[in-house]
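Numbering (the working numbering) for the sequence shown: 6 to 478.
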Amino acid sequence: MTALALTKSSNQTQVPLFMVEWDQVCHQLQEEFGEAIFKSWLKPLSIEEVVEGTVHIGAPTRFMRDWVVSHYVERIRHLWQKLNPAVTKIEIIVKLSSKVLKAPELTSSHVTGSRTSAHGASDEDSIGADRNVISAPLDTRFTFDNFVVGKPNELAYAAALRVAESQTAQFNPLFLYGGVGLGKTHLMHAIAWHIKACHPKRRVMYLSAEKFMYQFIRALRYKDTVAFKEQFRSVNVLMIDDVQFIGGKDTTQEEFFHTFNALVDQNHQVIISADKSPSDLEGMEERLKSRLGWGLVADLHPTTYELRLGILHAKADTLNIAIPKEVMEFLACKIVSNIRELEGALNRIIAHATLVGREISLETTHEVLRDLLKANDRRVTIEDIQKRVAEYYGIKISDMQSARRSQNVARPRQVAMYLAKTLTSRSLPEIGRKFGGRDHTTVLHAVRKVDEVKNQDREFSEDIDILRRTLEV
Ligand code: ADP
Ligand code: MG
């Protein structure tokens with residue numbers, strides 16, 4: 006039934022069926038990927054038509070199209086096909102819709118579209134040889150090469166790289182946000198290094214919001230605000246880190262707002278970081294909040310086990326130190342708060358081994374990190390996991406303990422055991438006990454099985470990711 010309606014629907018004047026279906030798909034996508042990703046990547050898409058089972062979707066830029074194709078199109082197709090089996094293909098095309106090209110205040114879209122400017126970067130190269138006195142020093146370790154990309158940070162990474170590589174401000178501002186120690190500063194420095202290397206003439210200024218405030222107050226005191234303004238407004242790329250610090254500081258906000266507007270109007274790139282999304286920033290004026298959300302908003306999610314393990318491997322590689330596999334896995338499992346702490350833990354273990362002259366082992370790791378491990382003990386409980394997994398698969402919580410072995414309860418139960426092992430610090434026997442007094446070998450088997458199936462079955466692996474993400478917040 007749906008198949009017929011679908012192929013004809015593009016000619017109808019009433020709301021065609023595919024629009025209704027698209028709405029439903031969007032709803033699901035929003036649930037699965039979260040508000041931020043949805044707003045940044047999926048909301049700006051426009052549904053064009055459906056012809057013979059192929060859905061044509063428009064994306065406002067080529068970059069967005071490529072990104073959606075490589076990250077979401079499979080999921081879109083899958084969801085859509087579930088609703089309507091006649092849909093077999095999704096085509097994403099670049100379509101500069103009028104909505105996206107409108108003046109930014111007229112659209113709630115996160116992407117403002119690139120505007121060309123009369124002020125090319127090279128016009129201004131000769132102005133002021135060294136105005137960068139205010140700019141803070143950059144950490145040489147914070148480069149794109151040293152940044153390990155995983156699910157939680159892939160959006161922020163791609164956006165940062167894109168901004169670093171383009172001469173014009175496509176996303177303005179780029180707004181990066183996320184919790185402490187998740188890589189915001191690292192990405193900003195990486196952008197700065199990249200621009201310095203590829204376009205040495207472009208003037209890049211990086212500083213914390215605190216420093217911005219300090220400079221501004223100083224300028225006020227010394228009645229030097231003209232020079233202050235001039236300094237900021239003549240840069241090609243301005244990065245302000247931890248902008249939440251100017252919350253509640255009204256005059257600084259005012260000045261920041263004007264600086265920001267002046268740069269964006271000239272099509273100069275502005276990059277902002279904060280610990281919260283623009284709309285959640287406290288003590289921030291409404292107009293500033295809304296202005297901050299005009300460009301591309303990309304968030305860094307809490308780390309996952311895979312990302313933590315990847316980062317540990319990368320760090321051990323650069324330090325050229327061999328660390329036993331089980332120590333790496335142990336750290337990735339236990340130090341979950343943030344990447345800074347993870348690095349700190351690794352450094353401590355290495356320092357200890359060097360000083361005391363003992364091999365790195367699980368045992369020494371336990372000793373050296375006792376306090377840190379305690380603090381990182383997860384708050385998520387096995388009960389939480391059982392409940393969430395049961396909901397997700399639509400089975401009863403009691404089935405987590407039951408002896409039923411049919412696949413539709415056994416597999417979710419294994420998933421729950423797997424998550425209990427990777428997200429809590431409970432031992433295998435402890436986990437077994439919570440699952441109806443099962444043996445620790447059963448739990449071990451479940452963990453291995455899930456790992457195995459995850460590698461073969463993409464959809465299953467996505468289910469696990471989604472569950473993990475909802476449990477990790
Ligand atoms: P934030 O500014 O978000 O608080 P930072 O950028 O200072 O966090 O990152 C904290 C530490 O973690 C830094 O040493 C940084 O190099 C490291 N780090 C963060 N994310 C990554 C990553 N994806 N790959 C490698 N190192 C990372
Ligand atoms: Mg930082």
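The beta-carbon is built from N, C-alpha and C at its ideal position, and this holds for glycine as well. Just so you know, these numbers come straight off a predicted model, no measurement behind them.
query	result
Range covered by the alpha helix (DSSP H) that runs through Leu268	Asp255 to Asp270
Nearest residue (CA-CA) to His199, options Leu181, Arg167 and Phe180	Arg167
With 16 other Cβ atoms within 10 Å as the buried cut-off, status of Ala174	buried
Proximity test, Lys216 beta-carbon vs ligand 2 heavy atom, cut-off 6 Å	no
For Arg295, the first and last residue of its enclosing alpha helix (DSSP H)	It should be pointed out that residue 295 corresponds to Ser in this sequence rather than to Arg. Its alpha helix (DSSP H) spans residues Glu291 to Leu297.
N-terminal and C-terminal residue of the beta strand (DSSP E) that Met405 is part of	That residue, Met405, is in no beta strand (DSSP E); it is neither H nor E in DSSP.
CA nearest to the CA of His357, picked from Glu346, Ile251 and Leu374	Leu374
Nearest neighbour of Phe38, chosen from Leu22, Pro434, Lys459 and Lys156 [CA to CA]	Lys156
Residues bridged to Val302 (per DSSP)	Phe180
Pick from Pro65, Leu22, Glu40 and Cys31 that is closest to Val56, judged by C-alpha positions	Leu22
Any non-hydrogen atom of ligand 2 within 6 Å of Lys281 CB	no
Limits of the unbroken alpha helix (DSSP H) element including Ile42	Leu22 to Ile42
Local Cβ density within 10 Å of Thr190, reported as buried at 16 or more and exposed below that	buried
Between the CA atoms of Trp46 and Gly300 - distance to the nearest angstrom	12 Å
Cβ shell of Ile97 (< 7 Å), same chain only, five flanking positions each side left out	Ile62, Ala64, Arg70, Val73, Val74 and Val78
Stretch-stretch touch, CB-based, cutoff 8 Å, three pairs: the stretch 244-261 with the stretch 271-289	yes
Under 7 Å, CB to nearest heavy atom of ligand 2: contacting residues	Lys189, Thr190, Asp246, Asp247 and Ser278
Tyr227, DSSP secondary structure in three states	coil
As assigned by DSSP and simplified to three states, the class of Lys281	coil
Buried versus exposed call for Asn272 [16 or more other C-beta atoms within 10 Å across all chains shown]	buried
DSSP three-state assignment for Gly118, whether helix, strand or coil	Note that Gly118 scores 32 on pLDDT, short of 50, meaning its location in the model is unreliable; the coordinates nonetheless yield the value given after this. In this structure, Gly118 counts as coil in the three-state DSSP scheme.
Simplified DSSP state of Glu57, which is helix, strand or coil	coil
Assigned exposure category for Leu142 - 16 Cβ within 10 Å defines buried	According to the sequence as given, residue 142 is Pro; it is not Leu. By the neighbour-count rule (16 or more Cβ atoms within 10 Å), Pro142 is not buried but exposed.
beta-carbon Arg302 near ligand 1 non-hydrogen atom, thresh 6 Å	The amino acid occupying residue 302 in the given sequence is Val; Arg does not appear at that position. No - ligand 1 has no heavy atom lying nearer than 6 Å to the Cβ of Val302.
Alpha-carbon to alpha-carbon, Glu287 and Gly253	8 Å
Limits of the beta strand (DSSP E) - the one that Val99 falls within	Lys94 to Val99
Leu160 beta carbon near ligand 4 (any heavy atom closer than 6 Å)	For ligand 4, the structure offers nothing, since it holds only ligand 1 and ligand 2.
Closest Cα partner of Leu424 within the set Val394, Asn413, Ser403 and Gly442	Val394
8 Å contact criterion, which His194 and Asp150 should meet: CB distance rounded	Not confirmed; about 12 Å, so no contact.
Minimum C-alpha distance to Pro307 - residue among Asp376, Ser51, Arg296 and Leu476	Leu476
Tyr211 versus Leu351 - alpha carbon distance	29 Å
Any non-hydrogen atom of ligand 1 within 6 Å of Gly186 CB	yes
Start-to-end residues for the alpha helix (DSSP H) that takes in Val153	Segment: none, Val153 is in no alpha helix (DSSP H) and carries neither H nor E.
Start-to-end residues for the beta strand (DSSP E) that takes in Leu212	Val209 to Ser213
Cutoff 7 Å; reference Gly399; Cβ partners in own chain excluding five residues on either side	none
Three or more C-beta pairs below 8 Å linking the stretch 309-316 and the stretch 204-218	no
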